[in-house]
Structures are given as C-alpha cells and as structure tokens.
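Numbering (our numbering), first residue to last: 2 to 198.
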C-alpha cells in the first residue's frame, strides 16, 4: 500500500485554523517571499506551502510556513511521511526529528479504499494536530508528516495513519525530545470517518 498521509484538508473556517490562517496571511504579506506560491487551503497536496506550528527563538509555539515534503535523492522525488517506529534509524530524518519537530494543524486527512472511494478522517474536536518535523534545505523550510499504526477506524481503509498529538501535548511535542520519543511508543489516536463524494 502507498504510505500515507498523502492528502489532507485545511479549512480555515474550522476550529483554531482560522486564527493560524490569519496570522500566516499577515506574515506572508509582510515578507513577500512566497510570490505566486499560495499557502494551501482546502485539499492540501504534497509540495504545497502549508501552515505548521513550531517554536520560535523564544521557545514559544507559533504558526509558520513550510513546504510539505523533503526533496529526495532522486530528481523529482519528494518524501512526505516518516514512520514513527523507524524515524531515528533513518539518516535523512534523524536530526530533523530530534531538533526541529513541528505540528500540522488540519481539519482532517483523506484516504481511499480499494474501490477508490474517498474518506475524510476527523477527530473529536474541529482541529486535528498531526506530528511532524522540518528542515531548512537550500533556504526553504521543508516538512514531513509522521505516521503510525492505524486505529480501528482507519485500519478498515489503510494500514497507516498520521500520528495525532493531543492539543494539550503540542508544546511538549515540539520542545521536549524525551517526551516526543515516549509519545512515539505510547500514542493512541482515535478518529472518525466520513465518506466523501
């Protein structure tokens, strides 16, 4: 099966996403560095510029802009996911995971079944917080979504799911490496699904 998460929904009208979106739009306008490359809303695809949450120099959690996916070793290759079970074993990911963790705020994530029917997976609240990390590569912040074993709902559709972070644990995930390592082993994500036409 194809590794997930390969597409997700960022609807600025849901939950805290509206607040993050407004901050990011102001930042993008002031910096004028994104030009024609818009920050993705609606269905988000790999290589899009996306809203992520990370720590600033004062160790405060703030929204930022990253490009979803690490440029791979082969031309045109884009690495978009990292397995929670092996992230520290992979040379490409180890340093970024240990030093630059972030969170992807989203409305939900998509997956397709064998009949190519599309499902949206959402959490109990309006916003899902998904674990990730980033790196600076040739002046661009590139980000990766972490995946884990699926819960009972997702396992009916796919053999992986994004690693979901409890809202109360966001700061610890980003700032505390020991906490992050423990979270990889003890996470219990629970989502609901909706069939999408």
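No residue lacks a Cβ here, since even glycine has one placed at the ideal position from N, Cα and C.
(message) Which residues does DSSP list as the beta-bridge partners of residue 65?
(response) Answer by DSSP bridge pairing, in chain order: 53.
(message) Could you check whether residue 83 and residue 74 sit closer than 9 Å to each other, using their CB atoms as the reference points?
(response) No, these two residues do not count as a Cβ contact at 9 Å.
(request) Provide the residue(s) that pair with residue 149 in DSSP beta bridges, ordered along the chain. (result) Under DSSP, residue 149 shares a beta bridge with 162.
(message) Are the CB atoms of residue 165 and residue 140 within a distance shorter than 9 Å?
(response) Contact flag unset, no.
(request) Have a look at the DSSP bridge pairing and note the partners of residue 119. (result) Residue 119 pairs with 113, 197.
(message) Quick check on residue 55 - is its C-beta less than 9 Å from some C-beta in chain B?
(response) The structure shown contains no chain B; it is built from a single protein chain.
(request) Could you pull out every unbroken alpha helix (DSSP H) segment of at least 4 residues lying fully inside the region 72–116, listed in chain order? (result) If we require 4 residues or more, the alpha helix (DSSP H) runs fully inside the region 72–116 come out as 92–100.
(message) Does residue 144 come out as helix, strand or coil in the three-state DSSP assignment?
(response) Residue state for residue 144 is assigned as strand, using DSSP reduced to three classes.
(message) Looking at residue 108: is its Cβ nearer than 9 Å to the Cβ of residue 18?
(response) Contact: yes.
(request) Would you list the one or two residues that DSSP bridges to residue 40? (result) Residue 40 pairs with 50.
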